[in-house]
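Student: A single structure is presented below for examination.
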Amino acid sequence: MGTNIPTDSNSTNNKTNQVLQKLLDHSKNTEKLFNSKSNAVNPEEAYEVMLIEMSLIDQDYKEFVRLVARFTKQHRVFPEYIRLAILSIPATHMTEEILEPARELYALDPDSKPLQSLMALLFAASGRYEELELILDKNFTVEVLTNKDREKVDETVKQLAAVLILMPEPSKALEYFEKYSKGVNPNNLVYLQQLAQFSLSAKNYSKAWDAASRYYDLNPNKVEGIDLIYAFLGVEEYRQNAFEIIKAFNVRAPKPIYESSEFAMLLHSAVETRALSHEYIDWLRKSYPDAIQFILVEAMMAYIEVNDAKALKLVEEFYSIANKRLEMDPNDRPSLLLMSRANLIKLDVLIREPIKDYKEILRLLALVPEDEMDFKYLISKSEALMQTWRVPEGIALLQDTITRYPDLTQPAVSYGVRTLIDVGRSHMALDLVKPYYYANPKSGTYSELMAWAYQASGDIKKAEEVYRFCLRHNPDEVSCLNGLGYMFADLNFNLDEALDLLRTAHSLDPSSPYVKDSLGWVYHKLGMTDMALLYIQASYNEEPMAETAAHLVEIYYGMGDGRRAKQYAREGLKLYQFTEYLQNTLRKLKIDLNEDKKIK
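Reminder that position 396 of the sequence shown reads as 396 in the working numbering, one-by-one numbering, no gaps.
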């Protein structure tokens, strides 16, 4: 029931729509070809071109070959065009079906150059190398490739490359390209470009670099030449060479492909070129000391690398210079634009800081244009309002954010509940989560949030009921297994059941650092210190959190290792915003972190 059974007319319409869509998608490629290859195919021939496309889409291969034959008798068609026709839809898997009618037609007219091109493409794509060689031997001779007409030689090399690029074995394609391009002037730009590309595909990087660097050196159009050089940023042994050439190109070019800042971030985006990005930004800052935008590029790199201290230091360095410039000229537009970027970098750093400066976050958020206030900024503003005792405003903004981003309701509610609990408004946390929980009481996420809110408000019985209801319907819900088990362990209650719950959770999600911490904590409560340390230490190493640090503090303190207990306490206080649990642990154990300083 409820299933639509397609009629014949529906099927026909669907097929027609699919065909039209494929033709529409292909038309852009065809138009590009017409614009760049006007000597190959005249735009007025587009109707016949589309008929050929339609025959492929309909998988009528005999009709496809017939149309190609008719078309090629009337027009001079280069292999690049025929290749585009075959590949306009993913058609390489059709080579077997196309080959049979193509062979029949080719046998009747073996001297037809366009048909030879078609057969060469089909043989190349299907890996029939012996038959491919027979056609290549006829068309790519030394006489043809040593022709004094450079344009004709260039076109011949392009035709050869258009065929060989379809070969399934890159090393074989390179071998054939070198074999059939013998006689071409070694400084021919088209030849060097194709040789570099085939060599790259075959991972013959030495040959590829030699061809690419010569292509760049000899090409008067350096913009074309630099394209090939960029590919070598991904090749370890030639990365530095490519970097030096691109750096020099960016200095000389009036309009470099990538503006210096973009290029620095492009290098930084890949782990293998990250070291070069730092080398480049250092060079830019030394070479252009007045270009303060490079300070922000370095700050962004530090932010991406989660080096927040360095990022903030660089932003402050930028502020000191930019503010002086704005004092001299308040309308200095470049400085104003860069100031906005600096504010966003600082804001992003402060948002993820373990101990947040909420007043500064609110100040910076007030500078963000309304159209740039995305989910992250709205949630951060809501949290900052709650943390600065403007709780009703924070809740109102949170509800508005949920309305604006309905697909992100769960993370928004989760953030709100955690924050309200953190500021001691557990009853408000309950009011926030209740409608979402009652709408879906079997949800692991909302069950966990509801139970947290009940637990924070002191209603342990209600929290347990929520967890058990979820597990009754979803016995493998890890969040509820972990939540109930941890609650019991933390309260030193039902420890045997807690152990069973947490072992089950760990078997279902053995990589979860939260489950490992909980399991270790119940082992601690059961007096199994070695097992406790095994799991809690693993959890802390994978994802350091203040609560996990508190557990390590308590265990090491109980073992008499006060030095290590204080070490984890100091680390934990810097880790995560919800540090009340750790602070309570320190008060309970009467650990004074300033005691060592007093002694000194």
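Yeah, the Cβ is synthetic: ideal placement off N, Cα and C, and Gly gets one too.
Being a predicted model, the structure only gives us computed values, none of them experimental.
Can the beta-carbon of residue 209 be found less than 9 Å from the beta-carbon of residue 238?
Tutor: yes
Student: Sorted by chain position, which residues of the same chain lie with C-beta nearer than 6 Å to residue 37's C-beta, five sequence neighbours on each side aside?
Tutor: No answer about residue 37 holds up, because its pLDDT of 44 lies below 50 and its placement is not dependable.
Student: Give the single residue among 241, 179, 104 and 488 whose Cα lies nearest to the Cα of residue 206.
Tutor: 241
Student: Is the beta carbon of residue 481 less than 9 Å from the beta carbon of residue 495?
Tutor: no
Student: Assuming residue 549 contacts residue 568 (C-beta within less than 8 Å), just tell me the rounded distance between them.
Tutor: That belief holds up - the Cβ atoms of residue 549 and residue 568 are roughly 5 Å apart, short of 8 Å.
Student: Counting only the same chain and skipping the five closest in sequence on each side, list residues whose C-beta sits under 6 Å from that of residue 542.
Tutor: 513
Student: Indicate the three-state DSSP secondary structure (helix, strand or coil) for residue 405 in the structure shown.
Tutor: Note: residue 405 maps to coil in three-state DSSP.
Student: Considering only the beta carbon of each residue, do residue 483 and residue 521 sit closer than 9 Å?
Tutor: no
Student: Within 10 Å of its beta-carbon, does residue 81 have 16 or more other beta-carbons around it, so buried, or fewer, so exposed?
Tutor: In this prediction, residue 81 has a pLDDT of 49, which is less than 50 and means its spatial position is unreliable; nothing more can be read from the coordinates.
Student: Relative to the alpha-carbon of residue 527, which residue among 555, 64 and 148 has its alpha-carbon at the smallest distance?
Tutor: 555
Student: By the 10 Å Cβ neighbour count, where 16 or more other Cβ atoms means buried, how is residue 398 classified, buried or exposed?
Tutor: Flag for residue 398 reads buried.
Student: For residue 444, which three-state DSSP category applies?
Tutor: Three-state DSSP puts residue 444 in a helix.
Student: Any idea what DSSP makes of residue 234, helix, strand or coil?
Tutor: Correct three-state label for residue 234: helix.
Student: Kindly give me the distance between the Cβ atoms of residue 445 and residue 426, rounded to whole angstroms, as I take these residues to be in contact under 8 Å.
Tutor: With 8 Å as the limit, residue 445 and residue 426 do not qualify as a contact, their Cβ atoms being about 18 Å apart.
Student: Can you list the alpha helix (DSSP H) stretches of 4 or more residues lying completely in the segment 124–156, in chain order?
Tutor: 129–139 and 142–145
Student: Our contact map puts residue 409 next to residue 387 with C-beta atoms below 8 Å; I'd like the distance itself, whole angstroms only.
Tutor: Between residue 387 and residue 409 the Cβ distance is about 22 Å, and since that is not below 8 Å, they are no contact.
Student: Could you pull out every unbroken beta strand (DSSP E) segment of at least 3 residues lying fully inside the segment 488–553, listed in chain order?
Tutor: none
Student: How many angstroms separate the CA atom of residue 234 from the CA atom of residue 272?
Tutor: 7 Å
Student: Quick check on the burial criterion: 16 or more other C-beta atoms within 10 angstroms. Buried or exposed for residue 492?
Tutor: exposed
Student: From residue 96 to residue 115, what does the alpha carbon distance come to, in whole angstroms?
Tutor: 16 Å
Student: For a test of the three-state rule: what should DSSP assign to residue 482, helix, strand or coil?
Tutor: Residue 482 falls in the helix class under three-state DSSP.
Student: Rounded to whole angstroms, how far is the Cβ of residue 135 from the Cβ of residue 120, which I believe are closer than 8 Å?
Tutor: 5 Å
Student: Please identify the residue among 572, 216, 103 and 66 whose C-alpha is closest to the C-alpha of residue 355.
Tutor: 572
Student: Give the DSSP-derived three-state secondary structure of residue 250 in the structure shown.
Tutor: helix
Student: In terms of alpha-carbon separation, which member of 477, 497 and 533 lies closest to residue 508?
Tutor: Selected option, being the one with the closest Cα: 477.
Student: Buried or exposed: residue 251, going by 16 or more other Cβ atoms within 10 Å of its Cβ?
Tutor: exposed
Student: For residue 313, tell me which candidate among 335, 286, 330 and 346 has the shortest Cα-Cα distance.
Tutor: Per the Cα distances, 346.
Student: Taking the continuous alpha helix (DSSP H) assigned at residue 190, which residues delimit it?
Tutor: 189–201
Student: For residue 363, tell me which candidate among 163, 380 and 286 has the shortest Cα-Cα distance.
Tutor: 380
Student: Measure the CB-CB distance between residue 546 and residue 557 and report whether it falls below 9 Å.
Tutor: In this structure, residue 557 does not lie closer than 9 Å to residue 546 by Cβ.
Student: Residue 77: buried (16+ other C-beta within 10 angstroms of its C-beta) or exposed?
Tutor: For residue 77, the predicted structure reports a pLDDT of 45, less than 50, and the residue's modelled location is therefore unreliable. The matter cannot be settled from this model.
Student: For residue 174 and residue 195, what's the separation of their Cα atoms in angstroms?
Tutor: 8 Å
Student: Does the beta-carbon of residue 30 have 16 or more other beta-carbons within 10 angstroms, so that it is buried, or is it exposed?
Tutor: The pLDDT assigned to residue 30 is 48, lower than 50, so where the model puts this residue is not dependable, and the model offers no usable value.
Student: Hey, how far is the Cα of residue 253 from the Cα of residue 284?
Tutor: Those two C-alpha atoms are separated by around 15 Å.
Student: Return the CA-CA distance between residue 220 and residue 385, expressed in angstroms with no decimal places.
Tutor: 59 Å
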